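**Q** Below: one structure in structure tokens.
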Amino acid sequence: MELFWEGIAKAMALIVALDREVLAITWLSLKVSGLATLISLVIGISSGTLLALTDFPGKRLIISIVNTGMGLPPVVVGLFVTIFLWRNGPLGFLEILYTPTAMIIAQAIIATPIVTGITVASIHSLPPNLKLQILALGATRWQMVLILIREARLPLLAGVMAGFGGVISEVGASIMVGGNIKGYSRVLTTATVMETSRGNFDVAIALSLILLLLCFAVNYVLTRIQHRKRPR
Amino acid sequence: MYRLKKFLFPLIVLTAFVLTGTTTQSWAATKAIILATTTSTQDSGLLDVLIPIFEKDSGFTVKTIAVGSGQAMAMGTKGEADVLLVHSPDAEKKFIAEGSGINRRLIMHNDFVIVGPPSDPAKIHGAKTSSEAIRKIAQANAIFLSRGDNSGTHAKEKGLWKAAGIAPEGQKWYQQTGLGMGQTLNVAAEKKGYTITDRATYLSLKKTLGLGILVEGDPLLLNIYHVIEVNPAKWPKVNVAGAKAFADFMVSRKVQDIIGKFGVDKFGGPLFFPDAGKKAESLGL
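In order, the protein sequence lines correspond to chains A and B.
Residue numbering for the first sequence follows our numbering, starting at 1 and increasing by one per position.
Residue numbering for the second sequence follows our numbering, starting at 233 and increasing by one per position.
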């Protein structure tokens with residue numbers, strides 16, 4: 001228990017002193033996971049809406065696959081992204097293995113099914129006649145789609161939080177495709193793993209607390225937006 | 233609703249802009265080399281001292297991938313690394329023999345130690361040789377934690393069992409963690425088991441472990457680090473100049489001095505002993 005309090009004290013010290021390395025690691029975590037979440041939002045919301053609003057044979061199968069993908073293990077994603085990005089692999093010419101770019105790609109792959117799945121569920125949860133009503137009032141198909149997304153924004157924001165929470169906290173893919181390189185691709189989770197294996201438990205606890213604070217701050221902002229009163 | 237949208241949309245666009253803007257410039261990969269190495273060089277903090285000096289002197293940037301020696305050489309075999317810093321001599325010789333690497337050069341050594349709980353249930357303390365010690369562990373059916381990850385330490389440990397004529401695999405008291413050295417030491421501490429570790433990692437974790445050094449000083453327990461350049465004839469994408477620059481840097485007088493002094497202030501003695509230019513045989517193998 002003593003160790004825990006030491007860790008808390010160390011965390012406070014690092015935060016108060018604005019330790020440059022810790023700040024850089026925190027900022028990189030936010031950048032990588034934020035950008036990955038944004039990419040997953042663009043892909044996830046558009047494909048999820050399309051999936052929810054169209055009917056085609058095999059739709060249930062696709063939705064089941066997407067829902068399975070919501071639990072995609074980060075290490076599996078990490079392994080496959082690594083194999084593709086190897087110098088001598090199919091995408092080796094890009095030369096982006098062990099870079100933050102590779103981490104963004106891996107994290108976007110992890111977050112996209114989460115966002116897609118929640119988008120499908122959100123659109124499905126709208127009253128079934130809403131679509132017809134909107135069309136009956138003279139909206140074009142595009143307007144209808146936009147209105148539906150807007151109506152489903154509360155559960156969609158939950159999707160944003162789930163996606164971001166999933167990628168900022170994952171370590172398996174980040175360490176495999178990023179390499180945990182000091183000052184370059186080291187993020188909060190990979191640094192925590194490394195400091196633990198170095199026996200620097202106080203620093204590891206400090207980094208974990210910063211990660212928790214960061215997640216809380218982001219979720220707090222999103223929740224505020226979610227619960228904002230609808231202005232008339 | 234429209235106010236919400238007005239607020240949210242520019243926010244997202246702005247974030248995206250800031251994120252991409254700040255990222256693209258600093259992340260351009262120029263003159264980067266991939267160094268695949270064992271965990272002990274990173275976990276001990278040695279590379280945190282050496283890499284910045286190398287980057288400043290040479291202009292190359294180093295991507296250090298700290299994995300076990302086995303995995304580091306597997307990366308080299310596939311041409312996915314430029315230069316290796318490893319400590320698994322038998323596997324290294326094979327690596328060179330099959331043409332995957334060139335210019336294998338001795339860098340430094342320290343030693344492995346057998347650690348265990350102070351109660352020492354198998355009574356190995358005072359054993360003259362490592363073989364005697366692990367034979368006692370096997371006879372007492374005392375818990376022994378193995379890395380089980382093809383790392384240099386794991387290779388060394390397998391060699392010791394072989395030298396003692398014991399096949400521990402499958403025995404109930406022989407447990408494989410599949411983890412790095414630091415984590416394996418923690419598991420050994422929790423289970424009150426024995427394990428074999430490099431001295432550097434043990435010293436940096438000592439204060440939280442509650443494990444003591446029980447056997448040390450056997451020539452079989454020597455831990456030798458070599459630098460190897462990945463063979464560019466086999467893998468044209470290898471950064472030849474960068475790999476050579478790093479290997480030359482590691483054997484340079486300046487770096488050898490730093491290695492010899494590393495850890496003295498914190499542990500009262502060096503963690504590694506510089507050996508550039510010597511023959512591995514002269515270390516007493």
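Don't be surprised by glycine CBs; every beta carbon is placed ideally from N, CA and C.
Here the structure is a predicted model, which is why all the values come from computation and not from measurement.
Whose Cβ in chain B lies nearer than 8 Å to the Cβ of Lys182 of chain A?
**A** Here the question's residue 182 of chain A lines up with position 182 in the first sequence. Going along chain B in sequence order, the residues near Lys182 of chain A (Cβ under 8 Å) are Asp280, Ile283, Thr296.
**Q** Name, please, each residue of chain A whose Cβ falls closer than 9 Å to the Cβ of Leu316 of chain B.
**A** As a working mapping, residue 316 of chain B is identified with position 84 in the second sequence. Near Leu316 of chain B there are no residues of chain A at all, since even the closest Cβ is about 15 Å away, more than 9 Å.
**Q** Cutting at 6 Å between CB atoms, please list the residues of its own chain near Val419 of chain B, excluding the five before and the five after it.
**A** Residue numbering aside, residue 419 of chain B sits at position 187 when the second sequence is read from its first letter. So the list reads Leu377, Thr409, once near-sequence residues are dropped.
**Q** In the structure shown, what three-state DSSP assignment does Met1 of chain A receive?
**A** Stepping through the first sequence from its first residue, residue 1 of chain A is reached at position 1. DSSP places Met1 of chain A in coil when its eight states are reduced to three.
**Q** I need the DSSP call for Thr254 of chain B, collapsed to helix, strand or coil.
**A** Position 22 of the second sequence holds residue 254 of chain B. Residue confidence for Thr254 of chain B is low, a pLDDT of 47 falling below 50, so the modelled location carries little weight; the figure read from the coordinates is stated next. In this structure, Thr254 of chain B counts as helix in the three-state DSSP scheme.
**Q** Which value, in whole angstroms, describes the spacing of the CA atoms of Pro127 of chain A and Val120 of chain A?
**A** For the purposes of this step, residue 127 of chain A is identified with residue 127 of the first sequence, where counting begins at 1. For the purposes of this step, residue 120 of chain A is identified with residue 120 of the first sequence, where counting begins at 1. About 14 Å.
**Q** Counting only beta-carbon atoms, is Glu422 of chain B nearer than 9 Å to chain A?
**A** As a first step, residue 422 of chain B must be located in the second sequence, where it is residue number 190. No, Glu422 of chain B does not count as interfacial toward chain A.
**Q** Would you say Leu437 of chain B lies against chain A (beta-carbon separation less than 9 Å)?
**A** Looking up residue 437 of chain B in the second sequence gives position 205. It does; some Cβ of chain A falls within 9 Å.
**Q** To the nearest whole angstrom, what separates the beta carbons of Thr433 of chain B and Gly414 of chain B, a pair I think is in contact under 8 Å?
**A** For this step, residue 433 of chain B is matched to residue 201 along the second sequence. For this step, residue 414 of chain B is matched to residue 182 along the second sequence. Contact flag correct, Cβ pair sits at about 6 Å.
**Q** Using the Cα positions of Gln274 of chain B and Val203 of chain A, report the straight-line distance between them to the nearest angstrom.
**A** Working through the second sequence from its first residue, we reach residue 274 of chain B at position 42. Working through the first sequence from its first residue, we reach residue 203 of chain A at position 203. When rounded, the distance between both Cα atoms is 16 Å.
**Q** I'd like the span of the beta strand (DSSP E) that includes Gly92 of chain A, first residue to last.
**A** For this step, residue 92 of chain A is matched to residue 92 along the first sequence. Neither: Gly92 of chain A is in no beta strand (DSSP E) and is coded neither H nor E.
**Q** List the endpoints of the continuous alpha helix (DSSP H) containing His124 of chain A.
**A** What you label residue 124 of chain A is simply residue 124 of the first sequence in a count that begins at 1. 100 to 124 is the extent of the alpha helix (DSSP H) around His124 of chain A.
**Q** Which one of B:Lys326, B:His319, B:Glu312, B:Ser320 has the shortest CA to CA distance from Gly92 of chain A?
**A** Here residue 92 of chain A corresponds to residue number 92 of the first sequence, with the count starting at 1. When only C-alpha atoms are compared, the closest one is B:Glu312.
**Q** Taking Cβ to Cβ, would you say Leu317 of chain B is nearer than 9 Å to Tyr457 of chain B?
**A** Here residue 317 of chain B refers to the residue found at position 85 of the second sequence. Here residue 457 of chain B refers to the residue found at position 225 of the second sequence. Taking 9 Å as the Cβ cut-off, Leu317 of chain B and Tyr457 of chain B qualify as a contacting pair.
**Q** In the DSSP assignment, the alpha helix (DSSP H) including Gln371 of chain B goes from what residue to what residue?
**A** For the purposes of this step, residue 371 of chain B is identified with residue 139 of the second sequence, where counting begins at 1. 362 to 371 is the extent of the alpha helix (DSSP H) around Gln371 of chain B.
**Q** What residue from B:Leu435, B:Phe327, B:Ser290, B:Ala370 has the CA that sits closest to Gly402 of chain B's CA?
**A** Start at 1 with the first residue of the second sequence, and residue 402 of chain B comes out as number 170. Checking every option, the nearest Cα to that of Gly402 of chain B belongs to B:Ala370.
**Q** Taking the beta carbon of Met1 of chain A as the centre, do at least 16 other beta carbons fall within 10 Å, making it buried, or is it exposed?
**A** Stepping through the first sequence from its first residue, residue 1 of chain A is reached at position 1. With fewer than 16 Cβ atoms within 10 Å of its Cβ, Met1 of chain A is classed as exposed.
**Q** Nearest by alpha-carbon distance to Thr116 of chain A: which of A:Ile45, A:Leu146, A:Ile39, A:Leu148 is it?
**A** Position 116 of the first sequence holds residue 116 of chain A. Nearest option by C-alpha distance: A:Ile45.
**Q** Can you pull the chain B neighbours of Trp5 of chain A, defined as C-beta to C-beta under 7 Å?
**A** Mapped onto the first sequence, residue 5 of chain A falls at position 5. The contacting residues do not exist; Trp5 of chain A stays about 15 Å from chain B at best.
**Q** Taking its Cβ as the centre, do 16 or more other Cβ atoms sit within 10 Å of Pro468 of chain B, making it buried, or is it exposed?
**A** Start at 1 with the first residue of the second sequence, and residue 468 of chain B comes out as number 236. Exposed is the call here.
**Q** Roughly how many angstroms lie between the CA atoms of Glu448 of chain B and Thr112 of chain A, to the nearest whole one?
**A** In the second sequence, residue 448 of chain B corresponds to position 216, counting from 1. In the first sequence, residue 112 of chain A corresponds to position 112, counting from 1. Between Glu448 of chain B and Thr112 of chain A, the C-alpha separation is close to 53 Å.
**Q** Between Gly300 of chain B and Gly412 of chain B, is the Cβ-Cβ spacing less than 9 Å?
**A** Position 68 of the second sequence, counting from 1, holds the residue named residue 300 of chain B. Position 180 of the second sequence, counting from 1, holds the residue named residue 412 of chain B. Yes, these two residues count as a Cβ contact at 9 Å.
**Q** For Phe478 of chain B and Lys295 of chain B, what's the separation of their Cα atoms in angstroms?
**A** As a position in the second sequence, residue 478 of chain B is number 246, starting the count at 1. As a position in the second sequence, residue 295 of chain B is number 63, starting the count at 1. Whole-angstrom Cα-Cα distance: 12 Å.
**Q** For Trp259 of chain B, does the three-state DSSP call read helix, strand or coil?
**A** Here residue 259 of chain B is taken as the residue at index 27 of the second sequence, counted from 1. Note that Trp259 of chain B scores a pLDDT of 41, beneath 50, so its modelled location is shaky and nothing firm can be said.
**Q** Where Ile63 of chain A and Thr429 of chain B are concerned, what is the direct C-alpha to C-alpha distance, given to the nearest angstrom?
**A** Residue numbering aside, residue 63 of chain A sits at position 63 when the first sequence is read from its first letter. Residue numbering aside, residue 429 of chain B sits at position 197 when the second sequence is read from its first letter. C-alpha separation (whole angstroms): 49 Å.
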